[in-house]
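Asks: Quick one: the structure is below, questions incoming.
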């Protein structure tokens with residue numbers, strides 16, 4: 024399979040943060056101010072108190088989020104405190120997905136890398152990746168000036184935070200991401216990639232796109248996220264018109280506000296074959312689907328089904344994949360794969376994500392079954408699958424189920440969990456990319 028990938032690739036600086044470290048950082052801040060921001064999250068980072076509020080909010084709720092750093096000062100403070108102790112790896116939805124595609128058997132994967140540097144290039148898979156323009160990257164590129172680095176703070180279930188009136192125990196592992204990356208925030212395209220896409224779109228089997236959640240509402244030059252989005256939609260229209268058989272999947276993300284999330288979803292839907300997201304991101308569309316956000320965040324299967332169905336119909340989208348920690352759900356109003364094949368693609372995706380969580384990498388497709396033997400099926404995911412089977416008269420198929428919901432084809436599959444995950448970052452991207460690859464393979468058969 025030959026696949027184009029856009030728009031965001033960066034370097035993730037992974038750091039496993041503890042409750043003791045967070046409490047030590049709180050000692051340097053106004054605790055009352057931090058508590059107020061936990062209650063009313065700002066959604067962006069302009070100060071260290073904003074950063075701590077976002078981190079503590081996610082730790083308290085056991086949820087994940089990505090907040091954009093607006094201004095270099097906080098970014099410099101985070102780099103000084105955490106960079107030398109962090110594990111560096113490929114980051115960005117598109118960057119992670121490109122590597123998964125390459126390692127799991129794609130013939131050719133062509134990612135958009137806006138400003139390639141030697142260190143960033145070193146994190147790409149060596150199997151099937153081709154990066155247009157990589158030969159021209161500067162050997163003297165400086166990290167501070169040229170490399171998009173995102174700080175990813177993993178936290179573990181059971182960590183106990185107790186500082187003044189801030190007292191809680193982390194209910195589940197997750198991560199908080201602090202991002203300062205103006206190139207990817209603008210959805211820029213490397214001219215070499217754009218030229219390659221125009222010349223070779225007719226040869227490609229698929230296109231994976233992501234990074235929309237990184238956009239700013241307004242930019243320093245006076246432009247807005249709508250200007251950036253219009254440019255992207257123009258590119259998608261051009262590339263898609265060159266190859267009407269090319270499958271296009273858009274991966275969502277955690278937006279800084281609901282208005283932007285809704286606008287991007289509604290504008291993007293007519294241009295793509297499918298959109299993927301997690302339960303947090305689906306809940307941000309509640310002004311569209313009017314399903315109670317709390318039920319979605321609880322991962323109630325029928326709340327997620329109803330929200331996804333309404334979103335599909337409202338925006339003329341063909342299918343949606345909702346990947347939660349506990350299960351993956353596929354809902355489609357236009358069947359392009361038989362249910363058995365769709366579930367097979369989902370099994371491949373869930374297996375890849377479970378192994379990625381367990382060991383932090385994917386290398387050998389032939390060893391997936393043996394490597395997944397140490398993983399545990401989600402009890403909650405199994406219970407939600409059983410609810411779907413019993414209530415919707417669905418058919419059990421292996422570990423999953425297939426059925427219909429208001430004339431929409433639905434497949435559901437519990438996830439595979441690791442008792443000691445190396446990282447929670449990139450699991451949704453791994454599910455999406457591996458599912459997408461397997462769907463392309465099965466569709467070609």
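Residue numbers (our numbering): 24 to 468. Glycine included, each C-beta is placed from N, C-alpha and C at the ideal position. Quantities reported herein were computed from a predicted structural model and do not represent experimental measurements.
1. CB residue 326 to CB residue 332, shorter than 7 Å?
2. Taking a contact to mean a Cβ-Cβ separation below 7 Å, would you say residue 196 touches residue 180 in this structure?
3. Tell me residue 432's beta-bridge partners as DSSP assigns them.
4. Using a Cβ-Cβ cutoff of less than 6 Å, which residues in the same chain neighbour residue 432 once the five nearest sequence positions on both sides are dropped?
5. In three-state DSSP terms, what is residue 175?
6. Is it buried or exposed, residue 251, if we count other Cβ atoms within 10 angstroms and call 16 or more buried?
7. For residue 200 and residue 172, what's the separation of their Cα atoms in angstroms?
8. Excluding sequence positions up to five away, which residues of its chain have a Cβ less than 8 Å from the Cβ of residue 225?
9. From this set, 59, 76 and 335, which residue's C-alpha is nearest residue 290's C-alpha?
10. Would you say residue 449 and residue 436 are within 7 Å of each other, going by their C-beta atoms?
11. Just mark residue 118 as buried or exposed, buried being the case when its beta carbon has 16 or more other beta carbons within 10 Å.
12. Relative to the C-alpha of residue 81, which candidate in 184, 429 and 126 has its C-alpha closest?
13. Would you report the Cα separation of residue 209 and residue 182, rounded to the nearest angstrom?
14. Jot down the residue ranges of each uninterrupted beta strand (DSSP E) in the segment 388–467, minimum 3 residues, whole runs only, in chain order.
15. Where do the N-terminal and C-terminal ends of the alpha helix (DSSP H) with residue 382 fall, by residue?
16. Is the beta carbon of residue 111 closer than 7 Å to that of residue 471?
17. If I follow the unbroken beta strand (DSSP E) through residue 219, where does it start and stop?
18. For residue 461, does the count of other Cβ atoms within 10 angstroms reach 16, so buried, or fall short, so exposed?
19. My assumption, with CB atoms under 8 Å, is that residue 411 sits in contact with residue 426. Please give the rounded CB distance.
20. Classify residue 139 as buried or exposed, calling it buried when 16 or more other Cβ atoms lie within 10 Å of its own Cβ.
21. In angstroms, rounded to a whole number, what distance separates the CA positions of residue 228 and residue 152?
22. Please classify residue 144 as buried or exposed, where buried requires at least 16 other C-beta atoms within 10 Å of its C-beta.
23. Within a Cβ cutoff of 6 Å, which residues of the same chain sit near residue 467, ignoring the five residues on either side of it in sequence?
24. Looking at the structure shown, is residue 207 part of a helix, part of a strand, or coil, going by DSSP?
25. Taking Cβ positions, are residue 61 and residue 97 nearer each other than 7 Å?
26. Pull up the CB-CB distance for residue 137 and residue 213, whole angstroms please, since I reckon it's below 8 Å.
27. Tell me whether residue 344 sits in a helix, a strand or coil according to DSSP, three-state version.
28. Could you name the residues that DSSP lists as bridge partners for residue 198?
29. Measuring only the C-alpha atoms, how far is residue 456 from residue 70?
30. May I have the straight-line CA-CA distance separating residue 163 from residue 170, to the nearest angstrom?
31. Just tell me which of 349, 190 and 238 has its CA closest to the CA of residue 400.
32. Threshold first: 4 residues or longer. Then list the alpha helix (DSSP H) segments lying entirely within the segment 29–53, N to C.
33. From residue 330 to residue 292, what distance separates their C-alpha atoms?
34. By the three-class DSSP mapping on this structure, what secondary structure does residue 27 have?
35. How would you call residue 202, buried or exposed, if buried means at least 16 neighbouring beta carbons within 10 angstroms?
36. Taking all protein chains shown into account, decide if residue 218 is buried (16 or more other Cβ within 10 angstroms of its Cβ) or exposed.
Replies: In terms of the structure at hand:
1. no
2. yes
3. 355 and 427
4. 355 and 358
5. strand
6. buried
7. 11 Å
8. If the five residues before and after residue 225 are omitted, its C-beta is found closer than 8 Å to the C-beta atoms of 265 and 266, all from its own chain and listed in chain order.
9. 335
10. Residue 449 places its beta carbon 7 Å or farther from that of residue 436.
11. Residue 118 comes out buried.
12. When each option's Cα is compared against that of residue 81, the closest is 184.
13. Going by the C-alpha atoms only, they are around 36 Å apart.
14. 418–420, 423–428 and 431–437
15. 362–382
16. No answer is possible for residue 471: the residues shown for the chain start at 24 and end at 468.
17. Counting along the chain, residue 219 falls outside any beta strand (DSSP E), though it belongs to the alpha helix (DSSP H) covering 214–223.
18. buried
19. 7 Å
20. buried
21. Their backbone Cα atoms lie some 15 Å apart in a straight line.
22. exposed
23. none
24. DSSP places residue 207 in helix when its eight states are reduced to three.
25. no
26. 5 Å
27. strand
28. According to DSSP, residue 198 bridges with 177.
29. 35 Å
30. Any reading at residue 163 needs caution, since the residue's pLDDT is 47, under 50, leaving its predicted position unreliable; the model's value is listed next. Spanning the two alpha carbons is a distance of roughly 12 Å.
31. Put simply, of 349, 190 and 238 the residue whose alpha carbon is nearest the alpha carbon of residue 400 is 349.
32. 42–49
33. 15 Å
34. strand
35. Within 10 angstroms of the beta-carbon of residue 202 lie 16 or more other beta-carbons, which makes it buried.
36. exposed
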